[in-house]
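Q: Residue 24 in my numbering sits at position 23 of the sequence shown, with consecutive numbering throughout.
All C-beta atoms in this analysis are idealised placements derived from N, C-alpha and C, irrespective of residue type, glycine included.
A quick note: this is a predicted structure, and the numbers were derived from the prediction, not measured.
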Amino acid sequence: MARLHPQVDWPEPWSGGRLHGPAAVAGHLADQRRDVRFTVVPLRVVQTHQAAVVTVHQVVRDADGDPLSDTTVLHTLTLDDGLVRQLDVGEPPP
């Protein structure tokens, strides 16, 4: 959480909403870890001064270890003074 900007804006995929601030993100991630397990493997990273765009292979499993999804997604992290200001998750380019 130390790498998050005080005004971080983070997706909440289950509701389709957004979380704001490190405490909200930390709480969300703690809750999420009780219900699902993520394995995220970076495949490609493109970094600029203001962003990091990471193509990842992401596997999501439920609390029993059963797979919920196995896909490739794009994580775009917008940076502000070296801190993550915003995370967006989307489809990778073809």
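1) I'd like the span of the alpha helix (DSSP H) that includes Gln8, first residue to last.
2) What number of angstroms, rounded off, separates the C-alpha of Val85 from the C-alpha of Val37?
3) Of the choices Asp81, Gly22, Arg62 and Leu20, whose alpha-carbon is the least far from that of Arg34?
4) Is it a yes or a no for the stretch 22-34 touching the stretch 46-54, going by three-plus beta-carbon pairs under 8 angstroms?
5) Do the stretch 11-26 and the stretch 55-70 meet, that is, are 3 or more Cβ pairs less than 8 angstroms apart?
6) Return the first residue and the last residue of the beta strand (DSSP E) that Ala53 is part of.
A: Looking at the atomic coordinates:
1) Position 7 of the sequence shown, counted from the start, is the residue given in the question as residue 8. Taken as a continuous stretch (DSSP letters only), Gln8 belongs to no alpha helix (DSSP H), being part of the beta strand (DSSP E) at Leu5 to Glu13.
2) Within the sequence shown, the letter at position 84 stands for residue 85. Within the sequence shown, the letter at position 36 stands for residue 37. Their backbone Cα atoms lie some 23 angstroms apart in a straight line.
3) Within the sequence shown, residue 34 is the residue found at index 33, counting from 1. Here the closest residue by C-alpha is Arg62.
4) The stretch 22-34 makes no contact with the stretch 46-54, as fewer than three CB pairs between them are under 8 angstroms.
5) no
6) What you label residue 53 is simply residue 52 of the sequence shown in a count that begins at 1. Counting along the chain, Ala53 sits inside the beta strand (DSSP E) bounded by residues Ala52 to Asp63.
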